[in-house]
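Participant: Got a structure for you, written out below as structure tokens; questions coming shortly.
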């Protein structure tokens, strides 16, 4: 791969990270229940991906028998998304996204016991660094003054963390499905998980809400995932993983710009520690694979 091609795929990874980061903003503007937002993100994302595959040479990949693991991934994807959106309803966008980005470090710990991937002293150091960063983000308290529902927001954030970690761990094993097939099945199975919630508590969106829900399906649902698939096929995992840390930075910027959610100096340092620890963990994991 020449440098120009590499830069184009890095650009796609950046677009994916920024688009992923828009879900919090769009969800706040939509003012709709988290399970409904998750359904529209997954379902409309699947429809867009299906149309894309039909219009390209990928249409032959649409009809296939999905594996149980891919369907399970879809369930984890839906769980992660709905808990993440719920977390942002009770705590700040920065707190919610930083919890999610503890997932690579949690996966490293779980993989130590499940996949016999030994933790080195450097791995333990990055995990400790991220935990210190998280404690600083929370200002060393799970109940920030002035926010009665902060603890509930953190609980949803932790649930999204575990769901996302399970999603990552399940995806560790190679699959016979192509990235497009896996993505399509995961989006559809995740949407089906959310469908009962829509049936039990139906709500008709207004014209304005419909616009925001459509944007959710297209931007963080379709564009973000398609760009990620294309980038992952052509970039080393450490490069993509490092670029992905643009998402929490984007979320913090969106929160500050649009909703006046500010971070004090301690919380900014905590953000930097979590992001830095995640990047170092990715580099260490890549070196272990190469070695």
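Residue numbers (full-length UniProt numbering): 1 to 291.
Ideal Cβ positions, reconstructed from N, Cα and C, are used throughout, including at glycine.
Here the structure is a predicted model, which means the values were calculated and not measured.
Would you call the region 39 to 53 and the region 98 to 105 in contact, with 3 or more CB pairs under 8 Å?
Facilitator: no
Participant: Would you kindly work out how many angstroms separate the C-alpha atoms of residue 71 and residue 265, rounded to a whole number?
Facilitator: Taking the chain shown and counting its residues from 1, one reaches residue 71 at position 71. Taking the chain shown and counting its residues from 1, one reaches residue 265 at position 265. Those two C-alpha atoms are separated by around 42 Å.
Participant: Tell me the rounded alpha-carbon separation between residue 116 and residue 123.
Facilitator: Here residue 116 corresponds to residue number 116 of the chain shown, with the count starting at 1. Here residue 123 corresponds to residue number 123 of the chain shown, with the count starting at 1. Looking at the backbone, the Cα of residue 116 and that of residue 123 are separated by about 14 Å.
Participant: Given this structure, state the Cα-to-Cα distance separating residue 63 from residue 185, to the nearest angstrom.
Facilitator: Along the chain shown, read from residue 1 onward, the residue named residue 63 stands at position 63. Along the chain shown, read from residue 1 onward, the residue named residue 185 stands at position 185. The straight-line gap from Cα to Cα measures roughly 10 Å.
Participant: If you drop the 5 nearest sequence neighbours on each side, which residues of the same chain put their C-beta closer than 6 Å to that of residue 135?
Facilitator: Position 135 of the chain shown, counted from the first residue, corresponds to residue 135. Closer than 6 Å at the Cβ level, and outside the excluded window around residue 135, lies no residue.
Participant: Give me, in chain order, the residues of the same chain whose beta-carbon lies closer than 7 Å to that of residue 257; leave out the 5 immediate sequence neighbours on both sides.
Facilitator: The sequence position of residue 257 within the chain shown is 257, counting from 1. Same-chain partners within the cutoff: there are none.
Participant: Mapping the DSSP letters down to three states, classify residue 145 as helix, strand or coil.
Facilitator: Residue numbering aside, residue 145 sits at position 145 when the chain shown is read from its first letter. Per-residue confidence for residue 145 stands at a pLDDT of 48, beneath the threshold of 50, marking its modelled position as unreliable; the derived number appears in the next sentence. Residue state, collapsed to three classes: coil.
Participant: Is the beta carbon of residue 45 closer than 8 Å to that of residue 221?
Facilitator: As a working mapping, residue 221 is identified with position 221 in the chain shown. As a working mapping, residue 45 is identified with position 45 in the chain shown. Contact flag set, yes.
Participant: Shortest alpha-carbon distance to residue 47 belongs to which of 202, 203, 212, 188?
Facilitator: For this step, residue 47 is matched to residue 47 along the chain shown. Residue 47 has its Cα closest to that of 188, out of 202, 203, 212, 188.
Participant: So, for residue 92: in the same chain, excluding its five sequence neighbours on each side, which residues have a beta-carbon less than 6 Å away from its beta-carbon?
Facilitator: Working through the chain shown from its first residue, we reach residue 92 at position 92. If we look at residue 92 and ignore the five residues flanking it on each side, its Cβ neighbours are 261.
Participant: State the start and end residues of the unbroken alpha helix (DSSP H) segment that holds residue 153.
Facilitator: Translated into positions along the chain shown, residue 153 becomes position 153. Unbroken alpha helix (DSSP H) run through residue 153: 150 to 170.
Participant: How about residue 49 and residue 226: do their beta carbons lie closer than 8 Å?
Facilitator: For the purposes of this step, residue 49 is taken as the residue at position 49 of the chain shown. For the purposes of this step, residue 226 is taken as the residue at position 226 of the chain shown. Going by beta carbons, residue 49 and residue 226 fall inside the 8 Å limit.
Participant: For residue 86, which of helix, strand or coil comes out of DSSP?
Facilitator: Here the question's residue 86 lines up with position 86 in the chain shown. Residue 86: helix per DSSP, three-state reduction.
Participant: Between which two residues does the alpha helix (DSSP H) carrying residue 40 extend?
Facilitator: Reading the chain shown from its first residue, position 40 is the one you call residue 40. Residue 40 -> alpha helix (DSSP H) spans 34 to 54.
Participant: Which same chain residues end up closer than 7 Å to residue 149 when comparing Cβ atoms and leaving out the 5 residues on each side of it in sequence?
Facilitator: For the purposes of this step, residue 149 is taken as residue 149 along the chain shown, with counting starting at 1. Only 90 meet the Cβ criterion.
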